[in-house]
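Numbered per UniProt numbering, the sequence shown spans residues 1 to 279.
First up is the structure itself, then whatever we jot down about it.
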Amino acid sequence: MVDRAVVRLGLNEADVKGRGRPPYPPGDLAKGVLIQQYFGVSNRVAEGFVDLFKEKLGIEESFSYKTLERAYDYPHVALILMEVFKMTQEPVKDKETKFTPDGTGIPNSIKGNWEKDSRNGEDADGFTKMISMFGTTYHFVSAVRFPDNPHAHESPYFESLLEETAETYSSIDQVSGDSAYLSRDNCDLVKSVGGTPRFYPKEGITLKRKGSWAWTEMLFDLMVDPQRWLREYHVRSSAESGFSIFTRDFLAPLRKRIHRRRKTEAFARTCDYNLKQAC
């Protein structure tokens, strides 16, 4: 899949001129990054895995653990990972029609537990915030963001998550989310891509449209048939299931100390998660 992504992107390092040794192929570096995150190992152990699997994976030449570490900064590696992320979803792009957003925190230390610490208001800085859109049937991640601020609210990222999902999938029938995403703007966004919004209401809201018919229709549907509405809403538990799978698949905390490398590390895990879902 990485080789196909390189071909799609038209990346060619053969013509690169300059002093020193020629650069390693970005496709090989991307494979090294994905291997490291798949097994959840350190740079030095990952170097050994690259050497072990290089024949099977078509890696031209072994590289050192420092080269692997620097690969997390390499723009071409980031482009390849983004293309791989899109390609993992192609088998279900015509089948998945319902989606749900949610957020969690990936620990930067083995001491971190997002469920406990976020509720107690403790040490959110010890986590990398992950905000994702999940398909509710096949549980693929359709879009993901990693805010720089671990205390970031999730709703401002909803529009970009929805837009990316709409670009990838043939149709969107429904988007359900918890009260963190409840707003007239978000209801309108879901309606604009052909979907039905199902956001859990908060105390004190009103039926006033304020320019949003999608908002009023959603609340009317809740009043007319609350049991049906809640059944449709509760497919959002798929996001909780997805994050549970993600956490159990990647038990090790994020290892990178440099923030931009840590975000690449987290995104590589998302690619590996989708690859595992496709198996």
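Note that the Cβ used here is the ideal one computed from N, Cα and C, for glycine as well.
Remember, it's a predicted structure, so these values are computed and weren't measured experimentally.
- The segment 234–251 makes no contact with the segment 213–222; the number of CB pairs closer than 8 Å stays below 3.
- Secondary structure note for residue 145: its beta strand (DSSP E) is the uninterrupted segment 141–145.
- Taking residue 129 as reference, the option from 184, 56, 104 with the minimal CA-CA separation is 104.
- For residue 102, the pairing in a beta bridge is given by DSSP as 132.
- Here DSSP, grouped into helix, strand and coil, assigns residue 8 to helix.
- Given a length threshold of 4 residues, each whole run of the alpha helix (DSSP H) inside the segment 21–65 is given here in chain order: 26–39, 43–57.
- In the assembly as shown, residue 199 is a buried residue. Its beta-carbon has 16 or more other beta-carbons within 10 Å.
- The Cβ atoms of residue 265 and residue 89 lie no closer than 8 Å to each other.
- Uninterrupted alpha helix (DSSP H) stretches at least 4 residues long and entirely within the segment 164–238 occur at 184–192, 213–224, 226–233, given in chain order.
- 8 Å or more divides the Cβ of residue 110 from the Cβ of residue 254.
- Straight-line spacing of the CA atoms in residue 156 and residue 186 works out to 9 Å.
- DSSP, reduced to helix, strand and coil, places residue 156 within a helical segment of the structure shown.
- Closest by C-alpha distance to residue 55, out of 137, 28, 275, is 28.
- Counting C-beta pairs with one atom in each stretch, the segment 132–152 and the segment 48–68 have fewer than three that are closer than 8 Å, which means they do not touch.
- In this structure, DSSP gives residue 250 a state outside helix and strand, which the three-state scheme calls coil.
- Assigned with DSSP and collapsed to three states, residue 75 falls in helix.
- Between residue 248 and residue 21, the alpha-carbon positions lie close to 40 Å from each other.
- Check the Cα spacing between residue 277 and each of 194, 263, 137: the tightest is with 137.
- Boundaries for residue 89: no alpha helix (DSSP H) harbours it, and the DSSP string shows neither H nor E there.
- Leaving aside the five residues that flank residue 191 on each side, the residues in its chain whose CB is nearer than 6 Å to its CB run, in chain order, 214.
- By the Cβ rule, the segment 71–80 does not count as touching the segment 163–173, because fewer than three pairs are nearer than 8 Å.
- Pairing residue 87 with residue 5 gives a Cβ-Cβ distance under 8 Å.
- Residue 58 counts as exposed, since fewer than 16 other C-beta atoms from the protein chains shown sit within 10 angstroms of its C-beta.
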